[in-house]
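Order-wise, the sequence lines are chains A and B.
Numbers in our numbering are just positions in the first sequence, counted from 1, shifted up by 210.
Numbers in our numbering are just positions in the second sequence, counted from 1, shifted up by 473.
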Amino acid sequence: MFDPTLAEIRFGTGLSQRAVAPNSIGVMLSGLTAVDEMARQFPVEPYNDYRLRIRDFNQARKMFRRNRGKPDQEVYNQARKAIARDARRVYGDMFRNAFLRRIHTETGFRERLTFFWQDHFTARGKSALAKRATGPYVEEAIRPNISGKFEDLLIAAIMHPLMLTYLDQAQSAGPNSKVAKRAADRGRVRGLNENLAREVLELHTLGVSAGYTQKDVRQLAELFTGLSIDKELLFTFRSAISEPGAETVLGEEYAVQASLDNIKDVLSNLARHPATARHISEKLARHFLSDHPDASVVAALEAAYRDTDGDLMAVYAALLNHPASWHSDAVKVKRPYDFMATALRALDVGESTLSRTREKDLRNILYIPMQIMGQPWEAPNGPDGWPEENTHWITPQFMAARLQWALAAPRALRRNLPDPREFARAALGERLPRDVAFVAEAAENRWEGIALVLTSPAFQRQ
Amino acid sequence: MTERLSRRKFLGWSSVLGCSAAASPLMTPVSLASAPGDRRLIVIILRGGMDGIDVLRPWGDRAFAEMRPNLAKEQNNALQITDFHGVHAGLKHLLPLWQAGDLGFVQATSTPYRDKRSHFDGQDILEAGTVDLAPLGRRTGWLNRLLPYLPGAVERTAFAIGREDMLLLTGDASVSNWSPEVDLTLSSQGMRLLELMMQSDPDMGAAMAQAIALAGSDGDSVTFDMSEQGMMDEMMADAQEARKGKTHLKIADFAAEQLRGESRIASFSISGWDTHANQQRALNAPLSRLSETILRIKQELGKKVWDKTTILCMTEFGRTVRENGTKGTDHGTGGTMIMAGGAVRGGRVFGGWPGLADSELYQGRDLMPTSDVRAWAAWAMHDSFGVPQSALESGVFGGLDMGASPGLLL
Chain A
211 MFDPTLAEIR
221 FGTGLSQRAV
231 APNSIGVMLS
241 GLTAVDEMAR
251 QFPVEPYNDY
261 RLRIRDFNQA
271 RKMFRRNRGK
281 PDQEVYNQAR
291 KAIARDARRV
301 YGDMFRNAFL
311 RRIHTETGFR
321 ERLTFFWQDH
331 FTARGKSALA
341 KRATGPYVEE
351 AIRPNISGKF
361 EDLLIAAIMH
371 PLMLTYLDQA
381 QSAGPNSKVA
391 KRAADRGRVR
401 GLNENLAREV
411 LELHTLGVSA
421 GYTQKDVRQL
431 AELFTGLSID
441 KELLFTFRSA
451 ISEPGAETVL
461 GEEYAVQASL
471 DNIKDVLSNL
481 ARHPATARHI
491 SEKLARHFLS
501 DHPDASVVAA
511 LEAAYRDTDG
521 DLMAVYAALL
531 NHPASWHSDA
541 VKVKRPYDFM
551 ATALRALDVG
561 ESTLSRTREK
571 DLRNILYIPM
581 QIMGQPWEAP
591 NGPDGWPEEN
601 THWITPQFMA
611 ARLQWALAAP
621 RALRRNLPDP
631 REFARAALGE
641 RLPRDVAFVA
651 EAAENRWEGI
661 ALVLTSPAFQ
671 RQ
Chain B
474 MTERLSRRKF
484 LGWSSVLGCS
494 AAASPLMTPV
504 SLASAPGDRR
514 LIVIILRGGM
524 DGIDVLRPWG
534 DRAFAEMRPN
544 LAKEQNNALQ
554 ITDFHGVHAG
564 LKHLLPLWQA
574 GDLGFVQATS
584 TPYRDKRSHF
594 DGQDILEAGT
604 VDLAPLGRRT
614 GWLNRLLPYL
624 PGAVERTAFA
634 IGREDMLLLT
644 GDASVSNWSP
654 EVDLTLSSQG
664 MRLLELMMQS
674 DPDMGAAMAQ
684 AIALAGSDGD
694 SVTFDMSEQG
704 MMDEMMADAQ
714 EARKGKTHLK
724 IADFAAEQLR
734 GESRIASFSI
744 SGWDTHANQQ
754 RALNAPLSRL
764 SETILRIKQE
774 LGKKVWDKTT
784 ILCMTEFGRT
794 VRENGTKGTD
804 HGTGGTMIMA
814 GGAVRGGRVF
824 GGWPGLADSE
834 LYQGRDLMPT
844 SDVRAWAAWA
854 MHDSFGVPQS
864 ALESGVFGGL
874 DMGASPGLLL
């Protein structure tokens, strides 16, 4: 059953010389509802603050264009550049802090779950500054909601301004809405966009194999009209673009008068749907345990989900209390972010080092290599997030990229590298296999020894 | 002192790993067997659902401009390629290929995938080449299923290139994959220890062994007893390269290098075609990446190989015929396939035109497909490698009716 080393490796952020490992399932769970110490120590600007940068940038750019060729042009140009520079610096800090949280945390399960949900509700901004707003979105919509009910997490994510822009909801208008009719009178088209509605059904709730139809997608898209953002880039509900009339989604009719309550209702109903319980349970089991998890563990999560209408703490408890969770074979391959962060944690590269590492070096040492390992930071290909299967990550180029990084990054970040033999014990604890111990001992120099430990199958799997 | 990883050492390693044939792509000898024929096939997956009628514009259809008040505002005579069709300005650099007969299109074509219009399902079906979604975990791609029909095919015959997972080339037949961004260096002692350690994990070991062979194939050695500073400089240089964002050109170069050699099939993807809003602007970038890629491949292959090459650019579905309320288009059905290469019977548009009037649309919203995109791919494989029609219809695409030869290739 429970084993602190496995807890840190499989459900946490890896072994650390510094942080205290959880000594029971109870501690792992209560850590999720305790004060978020990492968010406090290594802050990430919430969207509500970050959006001011986007707003101010857009305004400065507008003024710059409006004053083209006029004396004030340069003033706005400078203003625009200063805001962009600031946003880049903030983004660098957020990136750094994402690693620092993983390096320093004593509740690694919280970090892992936050990333899991961030991935489930993938959203990205589209304009230059908004592209860097994923961290702020996660900080505001995802992180505070990972230990509540799934429906609250769903509503927070779906109704967030960043999601509304990412999946084109903010501009979608009901074809029979006031705004669309007025536009039509002037010969312009304003209409429906089904992107968000489709992804909510396919990715966020029921899953693609559930029995919904194109008609459900369309109706949900009509029901969603009105979800939008205002000039301040904050959430707003615009009844003027909302499609009049009742909509029917999965056989359930939602009232004629469109409102935010209707939309919350449909999301709650989707969240409580049995297909959602199954989809989420399978996804959690696949993420933490195996690409092909035991049917019994999925069933246990599903039962916990259904019994509690999606209380996530109950689902996590079912996961941690299932014997399959403590199977001693590590199966899942760490994804690049997990791989790099656990490596830095094992190497004890901490706050003092990362905070004095220049932005440019952080890019070269962490940001770009992660891209080459196949996981560009906060930039998955589509709203389905990162692939889960091991086969996606165990390929020649990704394995080579990990080795290449393991050879160079530790030296770039630590002046004195540890003895590889000690490092192997620190990184793998009682799970250090004999061949890895031998390799650490036989390496010609410290940096290759450390690289080999990091590239060992034992370290790369969780 | 530098030392390239010798083939004997490399093969020795693979046998030490003791992998099963299924787990290891190393069981087939690398670079030794003769290549099957001398035709080349490149399949580029355009991820995101390319708007076929924005790329190949049916100006001859009166409904076209009506349906797209913003997207089809102006007709540019310089881009008119037939009496009926023009092309998007993003393809203008490819027009000389059209004139030379090295560029062609298939209009109104689609996979059998219809109503859900999900990218992920759409791409899976396109790459799996099936009628329905195959059960998860048992998926193979049609380009992989082609390989057993090529006499003398070896692992290096087919290459999946780039960072992305290509279902198209996934399957029982051994293929190679590589991202040309990665470079690798390790001391000879480090190499031996890595080899030893990887014995405990056949999957990872096989991938690592292949990585070392591939990293060594670009001219730099892998086993490299260099100084610590040299190693740091290398890593920084690689990182700088990747920042420049010209990955598609590196991929084109790598593909061309392999195809000039013994490889015959390469596949990779170009993304960025999901244009829900402001399509007019959003389509330019992926179209120029595609154009640059094709032109670079042509240049790097040289005339002799280019003349034997077919490039098929396919996407998971087209987009709605009407533009949406946000000057973009949503997921639709009938799309366009782009073909390039000296082996292509170019300078023409293949496939029937269904029309854009309301009554002619699929479900009142999408371009009605008039052909199965798999049939075109099947004819390209038939004409390139002489694979019998029966094998393509049953083994590669289960149950496909290829119809009569459209004379796609020269």
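Glycine residues also receive a C-beta, built at the ideal position from the N, C-alpha and C atoms.
Keep in mind the model is a prediction, meaning the values are calculated, not measured.
query: Does the Cβ-Cβ distance between Leu433 of chain A and Val459 of chain A come in under 9 Å?
result: Their beta carbons are under 9 Å apart, which means Leu433 of chain A touches Val459 of chain A by this criterion.
Where Lys359 of chain A sits in the DSSP three-state scheme: strand
- prompt: Could you check where the beta strand (DSSP E) with Leu669 of chain B kicks off and where it finishes?
  reply: Here Leu669 of chain B belongs to no beta strand (DSSP E); instead the alpha helix (DSSP H) covers 661-670.
field: Partners in chain A for Asp588 of chain B, counting only beta-carbon separations shorter than 7 Å
entry: Gln424
message: Using C-beta distances below 8 Å, list every residue in its chain close to Tyr257 of chain A, excluding the 5 sequence neighbours before and after it, in chain order.
response: Ala343, Pro346, Tyr347, Glu349, Glu350, Ala351, His370, Pro371, Leu372
- prompt: Out of curiosity, what's the CA-to-CA distance linking Ala851 of chain B and Val525 of chain A?
  reply: 48 Å
task: Give me the Cβ distance between Ala661 of chain A and Ala610 of chain A, rounded to the nearest whole Å; I'm assuming they're in contact under 8 Å.
output: In fact, because the Cβ distance is near 12 Å, the residues do not count as touching under 8 Å.
- prompt: What residues of chain A sit near His592 of chain B, judged by a beta carbon separation below 7 Å?
  reply: Correct list: Gly592.
- prompt: Which of the residues in the region 728-759 of chain B, read from start to end, lie with their CB under 7 Å from any CB of chain A?
  reply: Ser744, His749, Ala750
query: Can you name the residues of chain B whose CB is closer than 8 Å to the CB of Asn403 of chain A?
result: Those within 8 Å of Asn403 of chain A in chain B are His749, Ala750, Asn797, Gly798, Thr799, Gly801, Asp803.
message: I want to see whether chain B comes within less than 9 Å of Met373 of chain A, judged by CB atoms only; does it?
response: With respect to chain B, the C-beta atom of Met373 of chain A has no partner C-beta closer than 9 Å.
message: On the DSSP letters alone, give me the boundaries of the alpha helix (DSSP H) that Arg658 of chain A sits inside.
response: Before going on, a small fix: residue 658 of chain A reads as Glu here, not Arg. Where Glu658 of chain A is concerned, the enclosing alpha helix (DSSP H) stretches over 656-665.
message: Quick check: what's the CA-CA separation for Arg392 of chain A versus Asn549 of chain B?
response: 31 Å
task: Pull up the distance between the alpha-carbon of Asp378 of chain A and that of Leu406 of chain A, whole angstroms please.
output: Between Asp378 of chain A and Leu406 of chain A, the C-alpha separation is close to 7 Å.
Gly734 of chain B burial status per 10 Å Cβ neighbour count (16 or more: buried): exposed
message: To test your reading of the DSSP string, which unbroken beta strand (DSSP E) runs of 3 or more residues are found completely within the region 788-823 of chain B?
response: Segments of the beta strand (DSSP E) lying fully in the region 788-823 of chain B: 808-813.
message: Give me the residue from A:Glu651, A:Ala622, A:Asp259, A:Glu316 with the minimum Cα distance to Thr215 of chain A.
response: A:Glu316
field: Stretch pair the region 739-756 of chain B + the region 794-801 of chain B: three plus CB contacts closer than 8 Å
entry: yes
task: Have a look at Arg278 of chain A and Ala294 of chain A and give me their C-alpha separation to the nearest angstrom.
output: 19 Å
message: I'd like to check one pair, Thr435 of chain A with Ser382 of chain A: are the Cβ atoms closer than 9 Å?
response: yes
message: To the nearest angstrom, how far is the alpha carbon of Trp849 of chain B from that of Ala877 of chain B?
response: 11 Å
- prompt: Do Leu641 of chain B and Leu669 of chain B have their CB atoms nearer than 9 Å?
  reply: no
field: Whether Ile554 of chain B touches Cys786 of chain B by CB criterion (9 Å)
entry: In this structure, Cys786 of chain B does not lie closer than 9 Å to Ile554 of chain B by Cβ.
- request: Determine which residues of the region 821-835 of chain B have a Cβ less than 9 Å from any Cβ of chain A, and write them out in chain order.
  value: none
message: Quick check: is the beta carbon of Pro643 of chain A nearer than 9 Å to any beta carbon in chain B?
response: At least one chain B Cβ lies under 9 Å of Pro643 of chain A.
field: Amino acids of chain A, ordered along the chain, whose beta-carbon sits closer than 9 Å to that of Asp656 of chain B
entry: Ala610, Gln614
query: When DSSP labels each residue in this structure, what does Leu522 of chain A get in the three-state scheme?
result: helix
query: Would you report the Cα separation of Glu866 of chain B and Val560 of chain B, rounded to the nearest angstrom?
result: 32 Å
Sufficient close CB pairs (3 or more, under 8 Å) joining the region 592-612 of chain A to the region 652-660 of chain A: no
query: What residues in its chain sit with their C-beta under 6 Å from that of Asp266 of chain A, if we drop five residues either side in the sequence?
result: Ile293
task: Please state if the CB of Gln836 of chain B and the CB of Asp588 of chain B are separated by a distance shorter than 9 Å.
output: yes
message: I want to verify the contact list: residues of chain A whose CB lies under 7 Å from the CB of Pro624 of chain B, in sequence order.
response: Residues of chain A passing the Cβ test: none, with the nearest at roughly 26 Å.
- prompt: Using a C-beta to C-beta distance shorter than 7 Å, which residues of chain B count as neighbours of Glu457 of chain A?
  reply: Simply none; closest approach about 17 Å.
task: Using three-state DSSP, classify Arg228 of chain A as helix, strand or coil.
output: coil
C-beta neighbour in chain A for Asp527 of chain B, strict 9 Å: No, because no Cβ of chain A sits closer than 9 Å to the Cβ of Asp527 of chain B.
task: Below 8 Å on the Cβ atoms is my guess for Arg331 of chain A versus His414 of chain A; work out the distance and round it to an integer in Å.
output: For the sequence presented, residue 331 of chain A should be read as Phe rather than Arg. 6 Å between Cβ atoms; contact.
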